[in-house]
Amino acid sequence: MIIATFNVNSIRQRIEHLARWLQARQPDIVCLQELKCMDEAFPREEIEALGYNVVTHGQKTFNGVAILSKYPLEVEHRGLPGFEDEQARYIEAAVSVPGEDGAAGEAIRVCGVYFPNGNPAPGPKFDYKLAFLDALTRHARNLLALEEKLVIAGDYNIIPEERDVKFPDAWRGDALFFPESRAAYRRLLNLGFTDAFRATTDAGGHYSFWDYQAGAWQRDNGIRIDHLLLSPRLADTLIEAGIDKALRAEEKPSDHVPVWCRTR
DNA sequence: ATGCCTGCGGTTCGCAGA
């Protein structure tokens with residue numbers, strides 16, 4: 018079972034990159050962010066043709082999230098419960114994973130999330146980011162109480178630690194690396210989640226985003242902001258995790274690359 | 001110190017992203 022997250026920075030601009038990557042990586046479940054289109058404009062048929070079920074929560078021009086799954090899935094929420102939001106940043110679905118040899122299967126709850134950027138900080142946009150994170154933390158606490166297999170995957174727009182950024186000093190005043198952002202992210206993690214990638218290595222220098230500007234990719238001036246947070250029961254089954262950074266070197270890439278984990 | 005680049009909407013520039 019491979020579960021992945023990928024901020025595509027416009028699904029219509031990235032459908033061919035996504036299709037190539039789906040065929041190569043063969044993930045079972047994928048959370049997408051920054052669709053930048055309404056549900057009607059989402060290239061559903063192209064993705065279904067590759068063997069995926071698709072649920073979307075789109076928005077014109079900005080934001081937009083989706084979940085793809087090789088297995089049947091049912092949407093539980095479009096929008097974060099308990100958080101009034103005009104912006105399409107959250108989708109949650111129950112995926113029905115079949116058992117082996119016809120045995121009874123098991124559900125995995127999948128939450129796809131696109132966090133607000135939060136700049137400039139401080140300010141109203143930063144307040145919105147913290148409010149969103151608080152609301153997600155409250156919802157996550159309720160979900161953890163169910164003791165299910167659960168993943169919250171997406172673009173968190175938060176750099177967890179110094180080892181997750183090439184030039185920490187350049188990000189000190191940025192909402193992605195603000196102490197308050199990192200503290201709020203730790204409160205979420207400390208409910209009992211496992212950062213799938215971080216659980217597999219202590220090494221720094223692994224990034225999921227490189228800015229389009231100033232040759233950031235060529236200089237490996239990156240940050241790790243796309244995360245897969247696993248509930249205890251799902252973390253028990255974790256085998257490996259990875260970041261498919263080769264996509265960043267393709268023509269017309271997203272500024273993010275896919276992050277994935279493999280479980281039993 | 002500032003902008004660099006990309007996508008979108010809708011026109012040839014402004015906004016947002018991170």
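Quick note on my numbering: the first sequence kicks off at 18 and runs consecutively.
Where is the CB? At the ideal position from N, CA and C, for every residue including glycine.
query	result
Beta-ladder partner(s) of residue 165, from DSSP	None, per the DSSP bridge assignment.
Separation of residue 26 from residue 152, as counted between CA atoms	24 Å
Cβ pair count under 8 Å reaching 3, the region 249-267 against the region 204-223	yes
Euclidean distance between Cα positions of residue 126 and residue 278	15 Å
Residue 195 vs residue 157 beta-carbon contact at 7 Å	no
Of the listed residues 198, 115, 108, 188, nearest to residue 148 (C-alpha basis)	198
Under 7 Å between C-beta atoms of residue 243 and residue 273	yes
Segment contact flag, the region 94-101 with the region 59-68, C-beta cutoff 8 Å, min 3 pairs	no
Simplified DSSP assignment, three categories, for residue 228	coil
Expected contact under 8 Å - CB spacing of residue 28 and residue 44 to nearest Å	Rounded, the Cβ-Cβ distance is 16 Å, inconsistent with contact.
Opening and closing residue of the beta strand (DSSP E) in which residue 173 lies	Looking at the DSSP string, residue 173 is not in any beta strand (DSSP E), and its letter there is neither H nor E.
Cα-Cα separation between residue 48 and residue 85, rounded to whole angstroms	6 Å
Sequence-distant residues of its chain with Cβ nearer than 8 Å to residue 264 (five each side left out)	34, 38, 270, 271, 274, 275
Sheet register partners of residue 108 (DSSP bridge)	95, 129
Inside the region 26-69 only - beta strand (DSSP E) runs reaching at least 3 residues	46-50
Whole-angstrom C-beta distance between residue 227 and residue 220, which should lie under 8 Å	Between residue 227 and residue 220 the Cβ distance is about 18 Å, and since that is not below 8 Å, they are no contact.
Length of the line joining the Cα atoms of residue 260 and residue 21	9 Å
DSSP beta-bridge partners of residue 211	247
Expected contact under 8 Å - CB spacing of residue 129 and residue 108 to nearest Å	5 Å
Integer Cβ distance of residue 174 from residue 132, believed to fall under 8 Å	4 Å
Sequence-distant residues of the same chain with beta carbon closer than 6 Å to residue 229, five excluded per side	272
Enclosing alpha helix (DSSP H) for residue 4 [first to last residue]	Look at the range of the chain in this structure, 18 to 281, and you will see that residue 4 is not part of it.
Among 205, 143, 193, the one whose alpha carbon lies nearest that of residue 170	205
Three-state class that DSSP yields for residue 279 in the structure shown	strand
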